[in-house]
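**Q**
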Amino acid sequence: MSITVDKKASDELKSILSEKNINTDTLRIFLSGMGCSGPMFNLAQDEAKDSDLKVEFEGLNFIVDKTLVSQYDGFEVLYVEQGDMGGVYVQALNVGESSGCSSCSGCS
């Protein structure tokens, strides 16, 4: 159970932080919502807490609450490209039974 980060995602995040003049080296992985395809995760500037797992990768610190790590077996921070577009994507290693539209009214 851990956090892994690919180099392209790290480089992109450093570029975004620099462009927006955000002076931080610590980014939190957090659960931003639930959808038909399961949980959605995102990144935000934050400070580490005692209840966090912390992983350093190329000068950036990625933190996430240990209960989320336990629930989802860890996370990957990836740079994903589709066609002419690309961006940073946070993916849980194991979403288990939390994905699918069976409990989502109006999804099709």
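Per full-length UniProt numbering, the sequence shown runs over residues 1 to 108.
Cβ atoms here follow ideal geometry from the backbone N, Cα and C, with glycine treated the same way.
1) For I3, does the count of other Cβ atoms within 10 angstroms reach 16, so buried, or fall short, so exposed?
2) Drop a sphere of 10 angstroms on the beta-carbon of V80, count the other beta-carbons inside from all chains shown, and report buried for 16 or more, exposed for fewer.
3) By alpha-carbon positions, which one of L43, D52, Q91 ends up nearest to I16?
4) Just to check my reading of the structure: Y72 and L53 have Cβ atoms closer than 8 Å, yes? What is that Cβ distance to the nearest angstrom?
5) For the alpha helix (DSSP H) containing T24, name the first residue and the last one.
6) Looking at the secondary structure, which residues open and close the alpha helix (DSSP H) in which E12 lies?
7) Just to confirm my understanding: we take K7, look at its own chain, exclude 5 residues before and 5 after, and list those with CB closer than 6 Å. What are they?
8) Mapping the DSSP letters down to three states, classify S32 as helix, strand or coil.
9) Can you tell me where the beta strand (DSSP E) with residue 118 in it begins and where it stops?
10) Measuring straight from C-alpha to C-alpha, what distance separates V64 and V5?
11) On the CB-based measure, 16 or more other CB atoms within 10 Å of its CB, does G74 come out buried or exposed?
**A** Working from what's here:
1) buried
2) exposed
3) L43
4) Contact doesn't hold; Cβ gap of about 12 Å is too wide.
5) Looking at the DSSP string, T24 is not in any alpha helix (DSSP H), and its letter there is neither H nor E.
6) 7–19
7) none
8) strand
9) For the chain, the structure presents residues 1 to 108; residue 118 sits outside this window and is missing.
10) 13 Å
11) buried
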